[in-house]
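Residue numbers (the UniProt record's numbering), protein chains in the order written: chain A, 1 to 299; chain B, 1 to 299.
Heads up, the beta-carbon is just placed ideally off N, CA and C, and yes, glycines get one too.
Given the structure is predicted, the values throughout are model-derived calculations rather than measurements.
Written out below as structure tokens is the structure these notes cover.
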């Protein structure tokens with residue numbers, strides 16, 4: 001069966017949903033695999049994990065989870081080698097770098113008061129705050145990830161969905177259902193834009209040419225030129241996006257840099273033209289978006 | 001009266017709380033001022049705003065707010081000059097850069113279905129997603145800020161607090177009240193650490209010496225050396241913090257850099273020692289924290 005990787009909530013499967021086995025979870029579209037703990041790829045990121053007592057190094061505090069990566073184990077689940085940042089581990093690192101929400105599914109095999117007595121339960125969305133290598137008593141290194149319970153990518157708890165009738169809803173006028181589907185839509189869209197722009201530029205900053213080299217591989221960020229959402233309603237397309245290093249992302253978003261019509265980078269503070277923007281033949285940039293951004297920071 | 005600037009929720013004043021006038025809001029510790037819209041300083045950031053129909057440029061969509069900055073108006077509230085990034089505007093920019101939550105208070109003067117019919121209502125915490133200058137029809141530039149409804153700094157919606165009885169609470173074992181006070185504590189603490197470290201180093205990156213120069217002023221980030229919270233439980237103190245540029249922050253947190261006992265920066269990928277860490281006589285760095293961080297990324 002084909003698995004469509006979706007980041008965020010899956011319609012019809014709210015947090016608290018129960019499943020008898022891994023196959024039901026897989027069919028629900030919550031997790032790609034039938035046995036592996038991590039659902040994801042190094043390129044796309046990880047969309048879900050299952051906690052089922054696979055690692056003694058795991059720690060489950062409910063809203064905070066210390067999750068151990070995959071690999072280095074024998075068929076008998078004995079650690080016989082160090083873990084490395086590849087496969088599912090690289091997928092979780094990618095989700096950390098991109099800030100992607102990870103669905104957490106808890107299984108009865110997990111020794112924790114948050115685990116269901118039988119079967120599996122989808123617990124909701126978590127973010128990967130950080131990761132590190134841990135040296136175990138047996139001398140082998142394993143990767144660990146710190147996940148914290150969050151809402152959707154806008155920081156709105158999915159609990160809103162679970163309780164549409166709550167007074168605050170109507171007082172504050174939120175439309176949780178609409179928002180969540182919007183979110184899923186937006187995440188689906190945005191990820192392909194981010195992926196294309198990064199791949200075209202090979203993670204090189206279009207302003208300074210820097211690529212951040214991490215142990216997990218090259219890294220960069222994607223900035224939008226015309227702001228998304230109200231009031232500017234810039235489109236979430238490659239032509240409205242730039243591949244930047246974190247420094248130039250901050251400088252560009254805060255008006256220290258803007259672009260001329262011939263795509264030269266201007267230092268807004270010194271008022272001096274710095275250098276031409278690095279381009280890629282497949283990455284056409286919309287002049288209207290460039291002008292819109294420039295209008296934020298010039299008279 | 002002295003005003004203690006607190007970022008995040010104020011105990012005893014949950015979202016939805018009503019107030020008859022600005023003075024009650026001020027006494028509640030929700031907002032520093034009796035008339036001004038923005039509560040904050042360029043140095044500390046903005047902790048709260050009041051929406052009360054002061055600007056026709058404002059836009060209130062409930063969970064998304066376009067808020068117009070302050071300044072440039074005559075006593076008769078007529079725009080007579082451009083707004084600039086200073087005072088309350090600089091405070092909001094600071095909150096954007098630091099990712100600080102802003103309390104939003106809506107007043108009856110606001111023409112919006114989210115405004116109370118009389119008096120004022122505290123609506124909850126919002127984040128400043130971005131800001132820009134807008135050129136009005138009258139030719140004057142005003143600053144605008146896009147705020148989105150969020151939970152606390154960990155992304156947990158305050159709606160959790162409003163509805164402690166909700167089943168998901170007990171299923172997932174969250175302790176909203178405890179968490180919120182923890183959060184407020186943590187924010188209070190963290191802000192002074194961040195402020196001190198940035199001021200000591202004058203926003204210069206301790207690894208590369210870069211300072212990001214923004215129209216709002218110099219900018220930098222503060223990274224923790226030993227991870228906070230479980231499982232590492234690094235302390236939130238200056239000795240466990242570094243002033244870094246966003247690029248080196250990503251490189252340091254992801255194991256591309258670590259430090260030697262004599263505070264030299266090591267490129268973990270090349271395995272080569274780069275340069276000594278920039279230090280400041282008042283900024284003592286804990287060797288135990290340096291060793292802990294190094295243990296994440298070395299055998």
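For residue 250(A), the chain B residues whose Cβ falls inside 7 angstroms of its Cβ are 212, 219, 246, in order along the chain. Not flagged as an interface residue toward chain A: residue 67(B), since no C-beta distance is shorter than 8 angstroms. A direct Cα-to-Cα measurement between residue 51(B) and residue 215(B) gives close to 26 angstroms. Of the residues assessed, residue 279(A) falls on the exposed side of the cut-off, its CB having fewer than 16 other CB atoms within 10 angstroms. Taking a 10 Å sphere around the C-beta of residue 268(B), we find 16 or more other C-beta atoms and assign the residue as buried. With distances taken between CA atoms, residue 84(B) lies nearest to 134(B) out of 9(B), 33(B), 57(B), 134(B). Within the same chain, 193 come within 7 angstroms of residue 237(A) by CB-CB distance, once the 5 residues on both sides are set aside.
Each of 294(A), 240(A), 262(A) was checked against the Cα of residue 285(A), and the nearest Cα belongs to 240(A). In this structure, residue 59(B) lies near residue 231(A), with their beta-carbon atoms less than 8 angstroms apart. In the displayed model, residue 82(B) falls within coil according to three-state DSSP, outside both helix and strand. Of the residues 26(A), 21(A), 63(A), 103(A), the one whose Cα lies closest to the Cα of residue 49(A) is 103(A). 257(A) is the residue among 257(A), 235(A), 228(A) whose C-alpha sits nearest the C-alpha of residue 206(A).
Residue pairing by DSSP places residue 102(B) opposite 126(B) in a beta bridge.
The three-state secondary structure of residue 25(A), taken from DSSP, is helix. When the beta-carbon positions are compared, residue 91(B) and residue 250(A) stay at least 8 angstroms from each other. Counting only runs that start and end inside the segment 36-74 of chain B, the beta strand (DSSP E) elements of at least 3 residues fall at 38-41, 45-51, 64-68. Listed by position along chain B, the residues whose Cβ is nearer than 7 angstroms to that of residue 231(A) are 59, 66. Among the CB atoms of chain B, one or more fall inside 8 angstroms of the CB of residue 268(A). Secondary structure of residue 217(A) (DSSP, three-state): strand.
Per the coordinates, the alpha-carbon of residue 115(A) lies some 8 angstroms from the alpha-carbon of residue 109(A). Interface with chain A (8 angstroms Cβ-Cβ cutoff): residue 296(B) is included. The beta-carbon distance between residue 202(A) and residue 144(A), rounded to whole angstroms, is 30 angstroms. This is too long to meet the 8 angstroms contact definition. When the five nearest sequence neighbours on each side are left out, the beta carbons in the same chain lying within less than 6 angstroms of the beta carbon of residue 47(A) are those of 5, 7, 39, 40, in order along the chain.
Taking the Cβ atoms as the reference, residue 259(B) lies roughly 5 angstroms from residue 290(B), within the contact range of under 8 angstroms. In the assembly as shown, residue 12(B) is an exposed residue. Its beta-carbon has fewer than 16 other beta-carbons within 10 Å.
Proximity of chain A to residue 215(B) at the Cβ level (cut-off 8 angstroms) is accounted for by 254, 255, 256, 268, 269, 297, in chain order. According to DSSP, residue pairing for residue 142(A) in a beta bridge involves 134(A).
Proximity of residue 289(B) to chain A, defined by a Cβ-Cβ separation below 8 angstroms, is not satisfied. The C-beta separation of residue 55(A) from residue 119(A) comes to about 20 angstroms, leaving the pair out of contact by the 8 angstroms criterion. The Cβ-Cβ distance between residue 149(A) and residue 82(A) does not fall below 8 angstroms. Here the C-alpha atom of residue 68(A) lies approximately 7 angstroms from the C-alpha atom of residue 142(A). Any Cβ of chain A closer than 8 angstroms to the Cβ of residue 140(B) would place that residue at the interface, and such an atom is absent. Here residue 198(A) is buried, its C-beta having at least 16 other C-beta atoms within 10 Å. Taking the C-beta atoms as reference points, residue 277(A) is found nearer than 8 angstroms to residue 263(A). Counting along the chain, residue 259(B) sits inside the beta strand (DSSP E) bounded by residues 257-259. Cα atoms of residue 9(A) and residue 34(B): separation of roughly 42 angstroms, rounded to the nearest angstrom.
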